[in-house]
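Here the structure is laid out as structure tokens; the discussion comes afterwards.
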Ligand code: SF4
Ligand code: SF4
Ligand code: SF4
Ligand code: FES
Ligand code: FES
């Protein structure tokens with residue numbers, strides 16, 4: 109079918125979302141809650157576009173294309189809403205470890221400082237209650253990706269939920285149960301999809317907290333998980349010859365980016381002698 | 391990091407959950423997820439509150455993950471995740487009760503600061519329960535100010551009455567009857583008449599659909615959507631279908647549906663039955679606002695299936711209501727798909743407001759022409775308005791569409807105490823503020839001033855900034871928190887409105903734009919409308935040309 113994007117006719121397929129059609133034609137939209145391997149929840153509203161005939165803006169990450177649809181991705185309305193989404197988020201959470209969001213803020217000219225200092229922010233203590241990953245919900249943008257990854261989109265463990273509501277809504281293990289006492293099986297799939305660093309491997313967190321975070325001394329090595337016959341693809345993230353994080357490519361046909369606790373966190377045996385991991 | 395250690399009274403908690411399950415008929419099998427909200431109510435009735443232990447036990451018995459149960463329980467203001475004080479005292483601090491002299495300062499002076507649901511239980515700084523709660527509109531605004539002590543509604547509340555009730559010393563209040571109609575009122579819906587069911591059954595689906603289409607009946611819930619369009623879509627859909635009556639009336643200043651439920655419950659039961667016949671739905675239910683206990687009782691007495699909400703304005707949004715019925719958090723869904731295609735339990739669903747359905751018996755009995763004989767060309771029939779605030783006789787008035795706002799106010803006795811009119815909040819907190827110059831405006835859907843049917847009158851002494859701040863807080867408190875524009879936007883809007891100066895108008899306009907344009911649902915999309923409409927009436931912003939050209943859409 110044919111649709112029109114900012115005046116240009118482009119081809120799109122039945123069943124595609126607007127975002128997919130945009131990407132297929134070399135265009136894009138900013139996304140925060142969207143992930144290729146998760147069901148779209150369309151809650152962040154970063155990706156909104158204007159569709160002629162529709163009163164409100166529509167989320168391109170889930171809205172399906174229709175023949176002849178006239179879409180505007182760069183109108184004043186679209187730019188203003190996107191800028192406000194980034195600005196509102198940055199006015200309420202710590203974006204220091206959210207590179208995509210920072211990039212969008214610069215691109216759209218978001219200015220969170222104009223709300224002043226006296227505004228409510230998401231105030232949450234760092235939850236550092238196990239050896240594998242930390243939770244810093246003061247950075248959480250409530251994209252729901254971790255809930256989906258822990259639930260029906262990947263892990264089926266259902267250790268996470270959104271709790272409360274409104275500005276007080278939070279991601280929660282249920283009554284704020286410590287991770288070791290919760291349903292969590294430490295697969296780290298939530299950590300892998302988190303776009304803000306609210307969920308972060310403990311080793312990465314310790315490097316950053318100790319002031320020893322040095323991206324220029326980091327590299328990534330691809331390998332295959334040695335533990336079982338599935339053979340998941342792994343990416344070992346290494347700084348100064350120490351692994352601080354393991355991921356899997358989200359386009360891997362074996363894993364879709366998801367791993368189990370062994371592949372994700374069970375790497376200390378490969379570490380040779382040397383400087384011990386930061387405590 | 392466990393906030394509450396495992397309860398010492400695990401046995402009592404198990405027993406409470408067991409009793410709740412037994413009461414709802416689930417002693418043996420594990421209940422389906424859709425029983426979650428009814429069971430949470432029942433456990434709270436048995437145990438007094440929802441302790442961690444109760445929720446774990448319930449999750450186990452329902453074979454649900456504990457986080458899911460916690461996520462649902464923490465969503466609703468009526469569900470208590472902390473132990474309540476010995477006597478539960480709730481004082482309405484919403485728009486109408488403030489206007490009518492809610493004794494908030496006196497309560498604070500004598501009983502300390504109130505607790506308030508902040509989207510996650512009622513936090514108490516020292517872990518103890520505050521002596522009283524400030525709550526949003528209880529839907530009893532014709533009796534404002536209103537308080538609730540334990541389960542007793544105190545009308546025309548004073549600190550003396552509240553304290554007497556706290557000490558267990560209040561005579562039972564008699565239910566007030568609906569006053570006789572005043573001149574100008576046309577009571578067509580609000581009356582007891584013969585049953586229309588036999589006639590509806592004779593007519594059958596096709597004739598009922600034609601009748602509703604010919605009548606031009608528009609939904610009374612606020613969106614003014616043609617009832618026939620929804621009905622035909624569901625009637626033509628395959629498979630099992632649902633019809634739902636939306637009785638989650640929770641918008642501040644709105645109490646008309648409560649009156650219909652309490653006084654004319656059989657109208658609603660019949661209306662729902664007629665809708666089910668017309669669309670071919672086997673299943674029907676009425677989703678009643680949790681706080682409306684008396685209304686729920688009277689509806690249930692008609693034999694209709696009643697599902698109780700639990701304190702969440704957002705559940706009046708149709709897709710949030712479906713999620714609530716399914717035992718999920720009351721978060722609205724992205725649309726499309728629309729309810730007519732993918733409604734409750736994924737089935738095609740017709741959902742109509744109480745007042746819409748209450749029009750059906752008279753429509754079936756009298757026909758479309760008699761129905762259209764009242765109202766305007768584009769808004770057929772009569773409309774119930776809930777008039778409250780600074781008028782002599784607050785109450786529900788039924789008038790033909792097209793009635794002038796000034797005439798409606800006169801029916802309610804005009805501005806009280808001989809004072810002058812400052813402003814009218816027309817259509818509820820998602821509606822617009824009109825100045826005294828607007829009294830000639832006809833009330834009709836085409837004039838976009840009907841909204842929820844709430845009309846709140848402010849006399850010259852009212853503090854408009856105080857009322858605006860309360861409205862802003864309402865949206866902040868009731869946002870489901872799912873989408874960024876509304877979750878953060880309503881918080882920022884509240885902060886700005888509390889300090890409003892004309893320098894803030896630019897930011898307010900940006901907030902209004904993103905909330906209106908990019909929110910998922912109607913709550914966020916309308917959260918700025920009343921506030922922006924009031925800016926021209928505010929001293930601080932008066933004369934600022936930017937304040938007056940906002941029409942609810944992004945510029
Ligand atoms: S680590 Fe795995 S099991 Fe634990 S919360 Fe994250 S996704 Fe769920
Ligand atoms: S913790 Fe991360 S993944 Fe989870 S909702 Fe927050 S930002 Fe999204
Ligand atoms: S607009 Fe508000 S209430 Fe509606 S989905 Fe978004 S956060 Fe929830
Ligand atoms: S990326 Fe589409 S709404 Fe978040
Ligand atoms: S009952 Fe208090 S404002 Fe409605």
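Chains as they are written, first to last, in my numbering: chain A, 109 to 387; chain B, 391 to 945.
Beta carbons: idealized from backbone N, C-alpha and C, even for Gly.
Using CA atoms only, rank isn't needed, just tell me which of the options is closest to residue i.
i: residue 853 of chain B; options: B:557, B:640, B:459, B:491; result: B:491
i: residue 849 of chain B; options: B:861, B:700, B:813, B:875; result: B:813
i: residue 190 of chain A; options: A:176, A:172, A:167; result: A:167
i: residue 920 of chain B; options: B:870, B:863, B:416; result: B:863
i: residue 211 of chain A; options: A:225, A:195, A:224; result: A:195
i: residue 764 of chain B; options: B:741, B:781, B:788, B:890; result: B:788
i: residue 224 of chain A; options: A:235, A:198, A:203; result: A:198
i: residue 659 of chain B; options: B:704, B:614, B:677; result: B:677
Answer yes or no: does any C-beta atom of chain A fall closer than 8 Å to that of residue i?
i: residue 761 of chain B; result: no
i: residue 861 of chain B; result: no
i: residue 527 of chain B; result: no
i: residue 457 of chain B; result: yes
i: residue 948 of chain B; result: Since the first and last residues shown for chain B are 391 and 945, residue 948 of chain B lies out of range.
i: residue 504 of chain B; result: no
i: residue 460 of chain B; result: yes
i: residue 900 of chain B; result: yes
i: residue 514 of chain B; result: Unreliable positioning characterises residue 514 of chain B in this predicted model, as indicated by a pLDDT of 44, which lies under 50. The coordinate reading is nonetheless provided below. So no, residue 514 of chain B is outside the interface.
i: residue 719 of chain B; result: yes
i: residue 840 of chain B; result: no
i: residue 508 of chain B; result: yes
i: residue 585 of chain B; result: no
To the nearest angstrom, how far is it from the Cα of residue i to the Cα of residue j?
i: residue 540 of chain B; j: residue 464 of chain B; result: 21 Å
i: residue 431 of chain B; j: residue 808 of chain B; result: 46 Å
i: residue 943 of chain B; j: residue 414 of chain B; result: Bear in mind that the predicted position of residue 943 of chain B carries a pLDDT of just 30, short of 50, making it unreliable; the figure below should be weighed with that in mind. Each residue's alpha carbon lies about 47 Å from the other.
i: residue 438 of chain B; j: residue 476 of chain B; result: 10 Å
i: residue 229 of chain A; j: residue 923 of chain B; result: 28 Å
i: residue 798 of chain B; j: residue 141 of chain A; result: 48 Å
i: residue 638 of chain B; j: residue 707 of chain B; result: 9 Å
i: residue 277 of chain A; j: residue 871 of chain B; result: 6 Å
i: residue 576 of chain B; j: residue 628 of chain B; result: 40 Å
i: residue 721 of chain B; j: residue 261 of chain A; result: 19 Å
i: residue 679 of chain B; j: residue 132 of chain A; result: 47 Å
i: residue 516 of chain B; j: residue 651 of chain B; result: Because residue 516 of chain B carries a pLDDT of 48, less than 50, the predicted location of this residue cannot be relied on, and no value is offered for it.
i: residue 648 of chain B; j: residue 538 of chain B; result: 16 Å
i: residue 526 of chain B; j: residue 298 of chain A; result: 37 Å
i: residue 795 of chain B; j: residue 274 of chain A; result: 35 Å
i: residue 470 of chain B; j: residue 507 of chain B; result: 10 Å
i: residue 419 of chain B; j: residue 412 of chain B; result: 10 Å
Who are the neighbours of residue i on chain B, taking C-beta pairs under 8 Å?
i: residue 164 of chain A; result: 906, 907, 908, 909, 915
i: residue 156 of chain A; result: 907, 908
i: residue 200 of chain A; result: 878, 881
Show which residues of chain A have a CB atom less than 8 Å away from the CB atom of residue i.
i: residue 903 of chain B; result: 185, 188, 189, 192
i: residue 875 of chain B; result: 153, 189, 192, 193, 196
i: residue 869 of chain B; result: 273, 274, 275
Does any residue of chain B bring its CB to less than 8 Å from the CB of residue i?
i: residue 274 of chain A; result: yes
i: residue 282 of chain A; result: yes
i: residue 291 of chain A; result: yes
i: residue 196 of chain A; result: yes
i: residue 168 of chain A; result: no
i: residue 266 of chain A; result: yes
i: residue 269 of chain A; result: yes
Taking 7 Å as the cut-off, is the beta-carbon of residue i closer than that to any non-hydrogen atom of ligand 7?
i: residue 664 of chain B; result: Of the ligands this structure carries, namely ligand 1, ligand 2, ligand 3, ligand 4 and ligand 5, none is ligand 7.
Would residue i count as contacting chain C if we go by Cβ distances under 8 Å?
i: residue 151 of chain A; result: Looking for chain C here will not work: the only protein chains present are A and B.
Which residues in chain A have a C-beta closer than 9 Å to the C-beta of residue i? List them in chain order.
i: residue 872 of chain B; result: 149, 151, 250, 252, 270, 273, 277
i: residue 866 of chain B; result: 274, 275
For residue i, go through chain A and note every residue whose CB falls closer than 7 Å to its CB, in chain order.
i: residue 713 of chain B; result: By Cβ distance, chain A contributes nothing, its closest Cβ being about 12 Å from residue 713 of chain B, past 7 Å.
i: residue 424 of chain B; result: Ordered by position in chain A, no residue passes the 7 Å Cβ test against residue 424 of chain B, which lies about 18 Å from the chain.
Which of the residues in the segment 912-927 of chain B, read from start to end, lie with their CB under 9 Å from any CB of chain A? 915
Along the segment 218-240 of chain A, what residues have a CB closer than 7 Å to any CB found in chain B? 222, 223, 227, 228, 235, 237
Name the residues in the segment 434-457 of chain B whose C-beta lies less than 8 Å from a C-beta of chain A; which are they? 442, 445, 455, 456, 457
Taking Cβ-Cβ distances below 7 Å as the criterion, which residues of the segment 715-748 of chain B are in contact with chain A? 719, 724
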